[in-house]
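The opening residue of the sequence shown carries number 1 in UniProt numbering; numbering runs sequentially from there.
Quick reminder that beta carbons are idealized off the backbone N, C-alpha and C, glycines included.
First up is the structure itself, then whatever we jot down about it.
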Amino acid sequence: MGIGRMAKIFIDGEHGTTGLQIRSRLEGRTDIELISIPVERRKDAGARAEYLNNADIAILCLPDDAARESVSLVANGNTRIIDASTAHRTAEGWTYGFAEMDKDQAKAIATARYVANPGCWPQGPIALLRPLITAGLIPDNYPVTINGISGYSGGGRSMIEDYESKGEDAPEYLPYGLTLNHKHLPEIRSFAKLAIDPLMQPVVGNFAQGMITMVPLQLGHLPKVPTGVELHAAIADHFASLEGSVVEVAPFEAIDRSPEIQPEVFNDTNKMRLHVFANDKRAQAVLLAVYDNLGKGASGAAVQNLDIMLRG
Ligand SMILES: NC(=O)C1=CN([C@@H]2O[C@H](COP(=O)(O)OP(=O)(O)OC[C@H]3O[C@@H](n4cnc5c(N)ncnc54)[C@H](OP(=O)(O)O)[C@@H]3O)[C@@H](O)[C@H]2O)C=CC1
Ligand SMILES: CC(=O)N[C@@H](CCC(=O)OP(=O)(O)O)C(=O)O
């Protein structure tokens, strides 16, 4: 960063789900100084302003409105921001914090003042779809549907408390977003390079963390029907060309099921694994991503972005 001393890092919202996880990932690091607001002052705008303006990098782990407020509280013209909320993901002047999205994305994050950390649901579909649309294997006006399942920590502190108070009585499998207006639509459309909004069909399960996102593809109507091998190669080539990627692409194989393909396998890591399954005779494919909603889906990605920004 060229500041000639240890970088000061402030987590605004450090007592919430994402904030606590970032804190525990950063604790013990000797290359940064964590500055920490007392819990009883966490919603005091004056105190937050003091910490925000004193930080070299502030990580916002807040509801959208509070995140917008934090940005407005920075008056020093210097503090760099990583926002974990939805507030700025498609906003002008903000760099999207999905380092593996493009060859040059990590470089853009490294020098950005404002970085919008990606949403948990969007990251899998963007990782899967963007290389296919870039390669021209599926058109940008393809009517994409996205389904999958997330652990209940995806809903933050209030959903965690709700599920944990109900225990086994909490719903095992609860479809939601049934008004078809999920908050992640603009972000997915924009960064997957889609020309039209996808249809999202999210489910929350009775487990704390981890997720799977899936994109089923009916390919038979396309002028040129891509094979499973072609879809897999486009995705695998994209990620193979990146340095320092935490996203891996599983080999292309025909399997009916696997104990490795379930939402919790990457819990407490920053990993994401992508799969392509296909039946060429039927002209059908399923793209699938496995990751931790609190890892690559939130705090892991935030720490990854922080490290990229610190390296400059
Ligand atoms: N959980 C997840 O899987 C993911 C979450 N995110 C995003 O990260 C952000 C934080 O989410 P999450 O950690 O789950 O949420 P939580 O509700 O667990 O934590 C939010 C924290 O912000 C505090 N807070 C609320 N309002 C204010 C305010 N006005 N000023 C200061 N602090 C405030 C809350 O305090 P109190 O609890 O006392 O109200 C709480 O400590 C959200 O925008 C969410 O969309 C992103 C990716 C994944
Ligand atoms: C299970 C659950 O409710 N998940 C939340 C998403 C989690 C979240 O906070 O969204 P970001 O990742 O964009 O911040 C939802 O679908 O709205």
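Sequence-distant residues of the same chain with beta carbon closer than 6 Å to residue i, five excluded per side
i	result
S159	Residue identity check: residue 159 is Met in the sequence provided, not Ser. Contacts found: Y152.
Cβ-based burial, residue i [other Cβ within 10 Å; buried from 16]
i	result
R257	exposed
I196	exposed
K296	buried
T269	exposed
A67	buried
Same chain, Cβ closer than 7 Å to residue i, neighbours up to 5 away in sequence not counted
i	result
A236	V249
K8	E33, I35, N54, A55 and D56
M1	At M1, the pLDDT of 49 sits below 50, so the modelled position is not reliable and the matter cannot be decided from this model.
V303	I22, R25 and L26
V276	G228, L231, H232, I235, F252, A285 and L287
A247	Checking the displayed sequence, the identity of residue 247 turns out to be Val instead of Ala. Taken in chain order, the residues that qualify are E100, A127, F239, M272 and L274.
I11	G19, I22, R23, I59 and C61
R41	A47
Three-state secondary structure assigned by DSSP to residue i
i	result
E248	strand
L129	helix
S299	helix
A240	helix
L174	strand
N147	strand
T269	coil
M1	With a pLDDT of only 49 at M1, under the threshold of 50, the placement of this residue in the model should not be trusted; the figure read from the coordinates follows. It is coil, neither helix nor strand.
M309	helix
V225	coil
P122	helix
N- and C-terminal bounds of the alpha helix (DSSP H) containing residue i
i	result
F191	L185 to A192
Y163	G156 to K166
N- and C-terminal bounds of the beta strand (DSSP E) containing residue i
i	result
H275	M272 to N279
L199	L199 to G205
Own chain, CB closer than 8 Å to residue i, minus 5 neighbours either side, in chain order
i	result
G177	M200, Q201 and P202
Quick one: which unbroken beta strand (DSSP E) runs of 3-plus residues sit fully inside the UniProt domain "Semialdehyde dehydrogenase NAD-binding" (8-109)? Chain order, please. For the UniProt domain "Semialdehyde dehydrogenase NAD-binding" (8-109), the full-length beta strand (DSSP E) segments reaching 3 residues or more read 32-35, 57-60 and 80-83 along the chain.
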